Amino acid sequence: LPNVPEFIAVMVFDGIQTGYCDSSNKTLKPQLDWAKKILQTNPEQLEWYTQKCFEDQPNVFRGQIFRWKQRFNQSGGVHIIQRISGCEWDENTDSVTGVLKYGYNGEGFLEFDMKTLTWIALKPEADMIKLKWDADRIRTIKNKDFLTKICAEWLKMYVDNGKRSLHRTVLPSVSLLQKTPSSPVSCYAAGFYLDKAVMFWRKDGDEIHDGVEKGDILPNDDGTFQIIVDLNISSVKPEDWWRYECVFQFLSGENIIVTKLKQIMIRTNWRENILRTGRGEIAITMGITNGGHHRRKKKSYFNIFSLVKCNPLLLLTFLRKYFSEFPFILCKMQGPIRRD
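Per the UniProt record's numbering, residue 1 is the first one in the sequence shown, and the count goes up by one each step.
Put into structure tokens, the structure is as follows:
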């Protein structure tokens, strides 16, 4: 698969992607100005990320994926290892909670218990690995120190430097898109900074669910977010279109954008050749689900995963199949992400 690197790592801070690296380009890519400044003024962090991205983790993951395939009695095909590590800091109590998990082929595989400092096997195939890792006290001490001390120290630094980015409220651009005359109409919003937003379709002023397919809020390369919500119009009469509208709003209830369903507002590639599939290179990243955490809790995650060679069709099948079971996979493109 020429366009997908063997190894990818992503840095996520409070839902905002701040850094990226992969095995095809031996260069760290901090994606926000304040993140670049941190690396420039803290060479020890730059050295740590460089070592993890281009030496330590790729080699470790190659060995892991070889051994884990044997435990599952697998040979060829598509196989992916996912790892998420990081910490959450509560500014009110100053408490720190560490997170370290492994996934294999889209499902939870191993999880580090911060209370007992032991591993939890989430699959029978992980039992032997759990016992081996539990016996490695040096590994355990390193994990504990990083998750509760080093990560927390860096996270507080990120909070100080990234406050402006965290609190920016910029309205997105909202467009109506349609691939063919028989395709659903997609309401696509992009360019907003806060991931705490909702978008939905409503009819006669009331939110509707029938014929609506909601997408997830996904990150863009520049730290902004995008979301897309489809409306099936196959049973909607043209004279009733005026009754439908797409609504975007932040969870605070402020800054509502309403877009009426009008033919003249729809961008198409069957009529205007404006929307092009394949717009931008597809990238597979790691992320976290946006659970209901307190607004004063700050999260920082260094997320990595590895994959063996595969073809695009099998890879996309993997994403669709396992997205809900192991919620650390996101699919990101430079334009609207199509699901058809």
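Ideal Cβ placement from N, Cα and C applies to all residues, glycine included. Keep in mind that this is a model prediction, so the values were computed, not measured.
Notebook entry, point to check: Roughly how many angstroms separate the alpha carbons of M114 and D33, rounded to a whole number?
Noted result: In this model, M114 and D33 are separated by some 33 Å (Cα to Cα).
Next item on the list: Using beta-carbon positions only, say whether residue 347 and C87 come within less than 7 Å of one another.
Entry: There is simply no residue 347 to check, as the chain begins at 1 and stops at 340 in what is shown.
Next item on the list: Measure the C-alpha to C-alpha separation of P5 and K144 and round it to an integer number of angstroms.
Entry: Put simply, the backbone Cα of P5 is about 30 Å away from that of K144.
Checklist line | Element boundaries [alpha helix (DSSP H), containing A135] | finding: D127 to A135 is the extent of the alpha helix (DSSP H) around A135.
Check: Going along the chain, which unbroken runs of the beta strand (DSSP E) with 3 or more residues stay wholly within the stretch 44-97?
Finding: Within the stretch 44-97, the beta strand (DSSP E) runs of at least 3 residues that lie entirely inside it are, in chain order, 80-90.
Note to self: By alpha-carbon positions, which one of A190, P219 and V159 ends up nearest to G15?
What the structure shows: When each option's Cα is compared against that of G15, the closest is P219.
Note to self: How far does the alpha helix (DSSP H) with L39 in it extend, from its first residue to its last?
What the structure shows: Unbroken alpha helix (DSSP H) run through L39: D33 to T41.
Notebook entry, point to check: Relative to the alpha-carbon of C246, which residue among S234, Y158 and V229 has its alpha-carbon at the smallest distance?
Noted result: Per the Cα distances, V229.
Note to self: I need the boundaries of the beta strand (DSSP E) containing E254, first residue and last residue.
What the structure shows: Unbroken run through E254: none, as it is neither H nor E.
Note to self: If contact is defined by three or more beta carbon pairs under 8 Å, each pair taking one atom from either stretch, is the stretch 182-200 in contact with the stretch 225-242?
What the structure shows: Yes, the stretch 225-242 is in contact with the stretch 182-200.
Item checked: DSSP bridge partner residues for D113 (one or two, in chain order) -> DSSP lists T118 as partners of D113.
Next item on the list: Report, in whole angstroms, the separation of the C-beta atoms of F200 and L171, which I expect to be a contact under 8 Å.
Entry: Not really, about 17 Å apart at Cβ, beyond 8 Å.
Next item on the list: For my contact list, F109 and L100 are in at a C-beta cut-off of 8 Å; report their separation, rounded to the angstrom.
Entry: The beta-carbon separation of F109 and L100, rounded to 12 Å, does not stay under the 8 Å limit for a contact.
Next item on the list: Using three-state DSSP, classify I227 as helix, strand or coil.
Entry: Of the three classes helix, strand and coil, the one that applies to I227 here is strand, per DSSP.
Item checked: Endpoints, alpha helix (DSSP H) assigned at M265 -> For M265, there is no enclosing alpha helix (DSSP H), as DSSP marks it with neither H nor E.
Next item on the list: Note down the Cα distance separating R62 from H79, rounded to an integer number of angstroms.
Entry: R62 and H79: Cα-Cα distance of roughly 11 Å.
Checklist line | DSSP three-state assignment for T169, whether helix, strand or coil | finding: Note: T169 maps to coil in three-state DSSP.
Check: When DSSP labels each residue in this structure, what does D145 get in the three-state scheme?
Finding: Reduced to three states, the DSSP call for D145 is helix.
Next item on the list: Would you identify the three-state DSSP class for N105, choosing helix, strand or coil?
Entry: In the three-state reduction of the DSSP assignment, N105 falls in the coil class.
Next item on the list: Alpha carbon to alpha carbon, how far is C151 from Q249? Give it in angstroms, no decimals.
Entry: If I take the Cα positions, the gap works out to 33 Å.
Next item on the list: Can you tell me which of W241, D134, F225 and T18 puts its alpha carbon nearest to the alpha carbon of K37?
Entry: Ranking W241, D134, F225 and T18 by Cα distance to K37 puts T18 first.
Margin query: Rounded to whole angstroms, what is the Cα-Cα separation between F54 and S23?
Written below: For F54 and S23, the distance between alpha carbons rounds to 7 Å.
Margin query: Spatial neighbours of L130 within its chain, please: C-beta separation below 6 Å, excluding the five flanking residues on both sides.
Written below: Contrary to the premise, residue 130 reads as Lys rather than Leu in this sequence. W119 and A121.
Check: Three-state secondary structure (DSSP) at T140?
Finding: It is helical.
Check: What are the boundary residues of the alpha helix (DSSP H) that includes Y158?
Finding: Counting along the chain, the alpha helix (DSSP H) containing Y158 begins and ends at C151 to N161.
Item checked: Euclidean distance between Cα positions of I65 and K29 -> Distance between the alpha carbons of I65 and K29: 26 Å.
Next item on the list: Starting from P30, follow the beta strand (DSSP E) in both directions and report where the run begins and ends.
Entry: Secondary structure note for P30: its beta strand (DSSP E) is the uninterrupted segment N25 to P30.
Item checked: Environment of V174 [buried if 16+ CB atoms lie within 10 Å] -> Burial call: buried.
Notebook entry, point to check: Quick one: Cα of D240 to Cα of V96, how far?
Noted result: Roughly 53 Å separates the two Cα atoms.
Next item on the list: Go to I233, then tell me how far its beta strand (DSSP E) extends in each direction, as first and last residue.
Entry: Element bounds for I233: n/a, residue is neither H nor E.
Checklist line | Cutoff 7 Å; reference I233; Cβ partners in own chain excluding five residues on either side | finding: Cβ neighbours of I233 within its own chain (closer than 7 Å, five residues either side excluded): P184 and V185.
Check: When you compare only the Cα positions, how much space is there between D136 and L117?
Finding: Going from the Cα of D136 to the Cα of L117 covers about 11 Å.
Next item on the list: Per DSSP, which residues does S175 bridge with? Please list them.
Entry: Partner residues in the beta bridge of S175, as assigned by DSSP, are Y188.
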